[in-house]
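A.B. asks:
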Amino acid sequence: MDELLNRLSVEDIEKLKWLFSMSNNQQPKEIISLRVFREEYLNLLKSNRSISYYNSVRLSLDYLVDYFGIHCSIGSIQQKEIENFFIKLQEKVKAVSHCANQSGNGYEVYYRNIKAAFNKAKEWNYIHENYFTKVKLPKRQRLSPVFINCDQLSAICNQIKNETVKDVVVFAFYTGMRLDEIVNIKWKNVDNENNTITVGDETFVTKGRKQRFIPMCEETVRIIENLECRMENKKPNTRIVKLVGYASTSLGMTNDFVFCKENGEKYSGNYFSRRFKIACKAAGLDKSIHFH
Numbered sequence: 030m031d032e033l034l035n036r037l038s039v040e041d042i043e044k045l046k047w048l049f050s051m052s053n054n055q056q057p058k059e060i061i062s063l064r065v066f067r068e069e070y071l072n073l074l075k076s077n078r079s080i081s082y083y084n085s086v087r088l089s090l091d092y093l094v095d096y097f098g099i100h101c102s103i104g105s106i107q108q109k110e111i112e113n114f115f116i117k118l119q120e121k122v123k124a125v126s127h128c129a130n131q132s133g134n135g136y137e138v139y140y141r142n143i144k145a146a147f148n149k150a151k152e153w154n155y156i157h158e159n160y161f162t163k164v165k166l167p168k169r170q171r172l173s174p175v176f177i178n179c180d181q182l183s184a185i186c187n188q189i190k191n192e193t194v195k196d197v198v199v200f201a202f203y204t205g206m207r208l209d210e211i212v213n214i215k216w217k218n219v220d221n222e223n224n225t226i227t228v229g230d231e232t233f234v235t236k237g238r239k240q241r242f243i244p245m246c247e248e249t250v251r252i253i254e255n256l257e258c259r260m261e262n263k264k265p266n267t268r269i270v271k272l273v274g275y276a277s278t279s280l281g282m283t284n285d286f287v288f289c290k291e292n293g294e295k296y297s298g299n300y301f302s303r304r305f306k307i308a309c310k311a312a313g314l315d316k317s318i319h320f321h
C-alpha cells in the first residue's frame, strides 16, 4: 500500500479526495488543496499587486503549506489548528529574527496576509467560514517610528562609499518617500521647472493607490542635477533634454529610471535597504532604523 501511495502524483491524490467526497445522495463536492489555492491566489496577485506584496504573501503561504502539507484541504482547517499554527510560526519567526538581529514581529504580517488570502477563498466559495479572522494575536506595545536627524544622516553617509546608495539615502531623508517609490522614479516624473516629483503613474501604483506630488528642496535638486551630469559624462552622445519642463533623455527606456544601474536597469529596493542597514550598524546607530 505504501509503495502504491508513493507512486501517486499530487493530482492523483486530489482526484481521489474528490471521489471520496461523493455520497449516494449528494453531488460530488470539489476539494481544494492548499497547493491549488496557493497557485490560484498568487496568480491573482501577480497581475494586480506589487512585487513586494506578492513575495510577502508567497512566503506567508509557504509557511502555511509547510505546516499543514500541500495535500491538506483548505476547507478542513479548523480554528484550533490555526491557533497552533500561529504559535509555531511565532516561535519560528522569532528564532530566525534573533539570529539575524532583527525584529521578531514579522509573523503579524504573515497573519494578515493569510487572513486576506482566506477571505478571498471564502469569496470563491472554497470555504464556508474564514477561521483566521477568529484568531487573536497577542497585543504588544506599539513603538513610535524611528526617524533620523541631520547628524545621524551625516554619520550614515560617512559609512557609504557607493555614490548611488548615498544619493538614495539623502533623497529619502529630504523627500520622505518610500524606498519602493524612489527606485521607481522615472525621468518623466521629475519636473525641473516646478521642482516637484510625481509619485505614481500609469506603470507604478503607490501603496495608498493615490498619486501625489513631492516638492524638491535644494538637496534633492542637487542630487538630480548630479545624476544628469553623470549620465552625460558616461554617455557622451546622450543629451538630457527638457520637454515641457520635465527631465527626459534621448536614450528612451534605457535610462528611464532616475536611480538605475549603468545598463539602465532598475535597482531592487533590497539592494539599498541592505547597504543602509550595514551603514547604520557601522555608524553605531539604533538597529531599529530602517528604510520606510
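Each residue of the sequence shown is one higher than the last, beginning at 30 in the numbering used here. All residues carry an ideal CB built from backbone N, CA and C; glycine is no exception. Remember, it's a predicted structure, so these values are computed and weren't measured experimentally.
Curious, which full-length alpha helix (DSSP H) runs of at least 4 residues does the stretch 201 to 271 contain?
C.D. replies: Within the stretch 201 to 271, the complete alpha helix (DSSP H) runs of at least 4 residues are 208 to 212, 247 to 263.
A.B. asks: What's the C-alpha gap between Phe-242 and Val-228?
C.D. replies: If I take the Cα positions, the gap works out to 6 angstroms.
A.B. asks: Grouping DSSP H, G and I as helix and E and B as strand, with all else coil, what is Ser-85?
C.D. replies: It is helical.
A.B. asks: Helix, strand or coil, according to DSSP, for Asn-53 in the structure here?
C.D. replies: In this predicted model, Asn-53 has a pLDDT of only 45, less than 50, meaning its place in the structure is not dependable; the value taken from the coordinates is given anyway. Note: Asn-53 maps to coil in three-state DSSP.
A.B. asks: Let me check one thing: in DSSP terms, what residues is Cys-101 bridge-paired to?
C.D. replies: Per DSSP, none; premise fails for Cys-101.
A.B. asks: Look at the alpha carbon of Tyr-136 and the alpha carbon of Asn-113, and state the distance between them as a whole number of angstroms.
C.D. replies: Spanning the two alpha carbons is a distance of roughly 13 angstroms.
A.B. asks: If you count every other CB in all the chains shown that lies within 10 Å of the CB of Ile-60, and 16 or more means buried, which is it?
C.D. replies: That one is buried.
A.B. asks: Please name the residue or residues paired with Cys-289 in a DSSP beta bridge.
C.D. replies: Lys-295, per the DSSP bridge assignment.
A.B. asks: Excluding sequence positions up to five away, which residues of its chain have a Cβ less than 8 angstroms from the Cβ of Ala-150?
C.D. replies: Here the set comprises Ile-61, Phe-66, Tyr-70, Ile-103, Ile-156, Asn-159.
A.B. asks: How should Val-175 be labelled, buried or exposed, when 16 other C-beta atoms within 10 angstroms of its C-beta is the threshold for buried?
C.D. replies: Answer is exposed; the Cβ neighbour count stays below 16.
A.B. asks: Name the residue from Lys-121, Ile-214, Ala-201, Lys-306 whose alpha carbon lies nearest to the alpha carbon of Ile-240.
C.D. replies: It should be noted that the sequence gives Gln, not Ile, for residue 240. That would be Ile-214, whose Cα lies nearest to the Cα of Gln-240.
A.B. asks: Rounded to a whole number of angstroms, what is the C-alpha to C-alpha distance between Arg-304 and Phe-161?
C.D. replies: Distance between the alpha carbons of Arg-304 and Phe-161 is about 36 angstroms.
A.B. asks: Mark Ile-226 as exposed unless 16 or more other C-beta atoms lie within 10 angstroms of its C-beta, in which case mark it buried.
C.D. replies: Burial call: buried.
A.B. asks: Relative to the alpha-carbon of Met-260, which residue among Gly-237, Glu-222, Trp-216 has its alpha-carbon at the smallest distance?
C.D. replies: Among Gly-237, Glu-222, Trp-216, the Cα nearest to that of Met-260 is on Trp-216.
A.B. asks: Ser-62 bridges to which residues according to DSSP?
C.D. replies: BP columns for Ser-62 point to Ser-102.
A.B. asks: Quick check: Asn-148 and Val-86, are their CB atoms within less than 8 angstroms of each other?
C.D. replies: No, Cβ-Cβ distance for Asn-148 and Val-86 is not below 8 angstroms.
A.B. asks: Once DSSP output is grouped into helix, strand and coil, what is the label at Asn-159?
C.D. replies: Three-state result, Asn-159: coil.
A.B. asks: Tell me whether Leu-314 sits in a helix, a strand or coil according to DSSP, three-state version.
C.D. replies: Correct three-state label for Leu-314: coil.
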